[in-house]
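Just so you know, we're using my numbering here: the sequence shown kicks off at 23 and counts up by one.
For each residue, glycine too, the CB sits at the ideal point set by N, CA and C.
Structure, as structure tokens:
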Amino acid sequence: MTIKEKNIEELLRKKSGEGRLTCSEARKIAEELGVEYKEVGKTANKLKIKIKNCELGCF
23 MTIKEKNIEE LLRKKSGEGR LTCSEARKIA EELGVEYKEV GKTANKLKIK IKNCELGCF
């Protein structure tokens, strides 16, 4: 696992309440870490974190 992947996992776990995260929060994580939205989405799926209120269909 790369450092980027660890950082994504850490932020997803920290910001997802009850296994859910809003689309805007997921996008902020991607932008904060300088990764593509799909990387955050892929990691969220792996951690079984649902992205809700999707605005742009990124995830």
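Around the Cβ of THR24, a 10 Å sphere holds fewer than 16 other Cβ atoms; the residue is exposed. The distance from the Cβ of SER38 to that of ILE71 is about 5 Å, consistent with a contact at the 8 Å cut-off. Nearest to ILE73 by C-alpha distance, out of ILE51, LYS36, THR44, is THR44.
Cβ-Cβ distances below 7 Å link GLU27 to THR65 in the same chain, with the five nearest sequence neighbours on each side left out; the list follows chain order. Under DSSP, ARG42 takes part in a beta bridge, and its partners are GLY39, LYS72.
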